[in-house]
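Structure, as structure tokens:
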Amino acid sequence: FTGVFDGKNHKITGFKPTVELAAGTTFGLFPVIKGATIKNVTLTGEMTVSAKETADAGMFVGTAFNSTIQNVTVNGKLVSTGGQVDNKRFALAAVCGFAYVSESNATLVENCISNVEVAAESGANTKNGATSCMYGGIVAFATSNSGAEGRVTIKNCVNNGDMNVTLGRCSGICPTANCSTIVEKCT
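Convert by adding 4 to the 1-based position in the sequence shown; the result is the number in the numbering used here.
Now the structure itself:
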């Protein structure tokens, strides 16, 4: 998706996918957004997801490149059995699985709320670094292109979800905030 989606405070319900992600894939209500703005919407659902190798998943956005996600609330449940291969990143989140910025662009995740109950395990992946299985209530993995002037900013976000996880990395906001990612005023 590359445009502007203004939900005008509408609610999306009945989102109940069960997916097994192939290597190098991403999944979400919006699988990939690039140069996009998505705002003012609530999603309620139940997602069950696992990954064969490196993959990214978010209930709302799978992967965000140089994009803005504002005033989004995600409610529901998320279940994951993790990755099937050791040492391959599986980034999983309620709002956005993987947030990335290149060059002088920016990715902003602002005023988002996660009310997602999570049950997740790492599966065969036993790592705890950037190649681990990870869960973030807002964003799982945030990074920028090496040397990029732009930043990923996660601002004024709240995680209210209960987490029952056995993963290499887990955080209510963002477990992997690389390359000058900014996280501010989040709870």
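For every residue, glycine included, the Cβ atom is placed at its ideal position computed from N, Cα and C.
Going by C-alpha positions, Ala59 is about 30 angstroms away from Asn13. In the DSSP secondary-structure assignment, Gly62 is bridged to Ala97.
Around the beta carbon of Lys92, 16 or more other beta carbons sit within 10 angstroms, so the residue counts as buried. By alpha-carbon distance to Gly151, the top candidate from Ala134, Val120, Cys183 and Val143 is Cys183. The distance from the Cβ of Gly101 to that of Ala61 is about 5 angstroms, consistent with a contact at the 8 angstroms cut-off. Unbroken beta strand (DSSP E) stretches of 3 residues or longer found wholly inside the stretch 13-47: 22-25, 29-31 and 34-38, given in chain order. Taking C-alpha positions only, Ile37 is separated from Ala181 by approximately 19 angstroms. Straight across, the Cα-Cα distance linking Asp90 with Ser126 is about 9 angstroms.
Only exposed fits Thr6, as fewer than 16 other CB atoms lie within 10 angstroms of its CB. In the DSSP assignment, Gly87 falls within the unbroken beta strand (DSSP E) covering Thr72 to Gly87. Its Cα nearest to that of Asn79, the residue Ala98 stands out among Thr85, Ala98 and Phe69. Take Thr52, set aside five residues on each side of it, and the residues of its chain with a beta-carbon closer than 6 angstroms to its own are Thr22 and Val83, in chain order. DSSP places Ile186 in the strand class (E or B) of the three-state scheme.
Selection Asn129, Ala134 and Ile158 evaluated against Asn115 yields Ile158 as nearest (Cα-Cα).
Beyond the five residues adjoining it in sequence on each side, Ile117 comes within less than 6 angstroms, by CB distance, of Thr77 and Val162 in the same chain, given in chain order. Annotation: Arg155 is outside any beta strand (DSSP E) and is labelled neither H nor E by DSSP.
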